[in-house]
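Novice: Oh and the sequence shown: position 161 is 163 in our numbering, straight run, nothing missing.
Before I ask anything, here is the structure I am working with.
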Amino acid sequence: AEYLNDWWASELKNRYDIPCYLEVEFETHFEKFFMPTIRGSEKGSKKRYAGMVRDSDGKSQLIFKGLESVRSDWSPLAREFQIELYRRVFADEPHLTYIRETAERLLEGELDEKLSLRRRLRRKLNDYTKNVPPHVRAARLADTERLKRGLKPTYEHGGWIEYQMTLNGPEPLPYVNSAIDYHFYMDRQLAPIADAILSLEGSSLALLMDKQIGLF
């Protein structure tokens, strides 16, 4: 970067006799780098990428920006799944078995403790009228359950809500009474992460699971 800045300043001075106000800064060197395409597009986004770097001790480290693993509104399962999947891909380790086994464990109910979703209520609960997203519905159910138990409402003035998606819609923790909607987590949590990698191989999570079922 220093060489490029000196060269650019010299060129502008010698050719046009003007100062250079452009400065290039070196930030990070990625040994491996991946920029997923935006859903529904063939283009990526500079705000969404993952890469592998090495620290001063020579140990590899993953860096995520704008992806599911660094967003609080994705489940712990999705975040862990993405980190381990990309680690395997960057390390040239087998990843198809890991994807398939994670999906199977999800459907078997072995990962229920990692399925909570956490969102922030940015307004008072009663201010949500026309558009009522899942986390708002969960917050209203939570306050209803608390009132039944003689407790004060928690979310009247906003706050953070944790919930799970069930076959009856979003239900708040710790008041989940319905069966978990595993296909929601497959389609909305695991698939977007897996398909970003599998699409480069001409596959998808759905195709991978169909092939597995076809073996039996």
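For each residue, glycine too, the CB sits at the ideal point set by N, CA and C.
Alpha carbon to alpha carbon, how far is G204 from E27?
Specialist: Your numbering for residue 204 matches position 202 in the sequence shown. Your numbering for residue 27 matches position 25 in the sequence shown. For G204 and E27, the distance between alpha carbons rounds to 37 Å.
Novice: Closest to A52 by C-alpha separation, out of Y88, P21, H31, E25, would be which residue?
Specialist: On the sequence shown, residue 52 is found 50 positions in, with the first residue counted as 1. Here the closest residue by C-alpha is Y88.
Novice: Using a 10 Å radius around the Cβ and a threshold of 16 neighbouring Cβ atoms, would you call S77 buried or exposed?
Specialist: For the purposes of this step, residue 77 is identified with residue 75 of the sequence shown, where counting begins at 1. Buried, since its Cβ has 16 or more Cβ neighbours within 10 Å.
Novice: Taking the beta strand (DSSP E) that P172 falls in, what are its first and last residues?
Specialist: Taking the sequence shown and counting its residues from 1, one reaches residue 172 at position 170. From DSSP, the beta strand (DSSP E) with P172 extends over 171 to 174.
Novice: In three-state terms, what does DSSP make of T39?
Specialist: Locating residue 39 in the sequence shown gives position 37, counting from the first residue. Of the three classes helix, strand and coil, the one that applies to T39 here is strand, per DSSP.
Novice: Express the C-alpha separation of A181 and L69 in angstroms, rounding to a whole number.
Specialist: Within the sequence shown, residue 69 is the residue found at index 67, counting from 1. Within the sequence shown, residue 181 is the residue found at index 179, counting from 1. Near 28 Å, if we compare the C-alpha coordinates of A181 and L69.
Novice: Count the other CB atoms, across all protein chains shown, that sit within 10 Å of the CB of T104; report buried if there are 16 or more and exposed otherwise.
Specialist: Here residue 104 refers to the residue found at position 102 when the sequence shown is read from its first residue. It counts as buried.
Novice: Can you tell me the Cβ-Cβ gap for T156 and A144, rounded? I've got them flagged as a contact below 8 Å.
Specialist: Position 154 of the sequence shown, counting from 1, holds the residue named residue 156. Position 142 of the sequence shown, counting from 1, holds the residue named residue 144. Contact holds; Cβ gap of about 6 Å.
Novice: Under a three-way DSSP split, which group does E106 fall into?
Specialist: Looking up residue 106 in the sequence shown gives position 104. In this structure, E106 counts as helix in the three-state DSSP scheme.
Novice: Quick one, which of D8, Y130, Y165, Y177 has its alpha-carbon nearest L149's?
Specialist: By 1-based counting over the sequence shown, the position of residue 149 is 147. Closest by alpha carbon: Y177.
Novice: Where do the N-terminal and C-terminal ends of the beta strand (DSSP E) with T131 fall, by residue?
Specialist: The count along the sequence shown starts at 1 and reaches residue 131 at position 129. Run containing T131: none; DSSP gives neither H nor E here.
Novice: List, from N- to C-terminal side, the beta strand (DSSP E) runs of 3 residues or more that fit wholly inside the region 127 to 212.
Specialist: If we require 3 residues or more, the beta strand (DSSP E) runs fully inside the region 127 to 212 come out as 161 to 168, 171 to 174.
Novice: Less than 8 Å between the beta carbons of E33 and V55, yes or no?
Specialist: Counting from 1 along the sequence shown, the entry for residue 33 is found at position 31. Counting from 1 along the sequence shown, the entry for residue 55 is found at position 53. Contact: yes.
Novice: What are the start and end residues of the alpha helix (DSSP H) that includes L117?
Specialist: If you number the sequence shown from 1, residue 117 lands on position 115. Unbroken run through L117: none, as it is neither H nor E.
Novice: With distances taken between CB atoms, is the gap from S74 to R120 smaller than 8 Å?
Specialist: Within the sequence shown, residue 74 is the residue found at index 72, counting from 1. Within the sequence shown, residue 120 is the residue found at index 118, counting from 1. Against a cut-off of 8 Å, the Cβ pair of R120 and S74 comes out as a contact.
Novice: Using only alpha-carbon positions, find the residue among D94, V134, P174 that is nearest to R124.
Specialist: Numbered from its first residue, the sequence shown carries residue 124 at position 122. Among D94, V134, P174, the Cα nearest to that of R124 is on V134.
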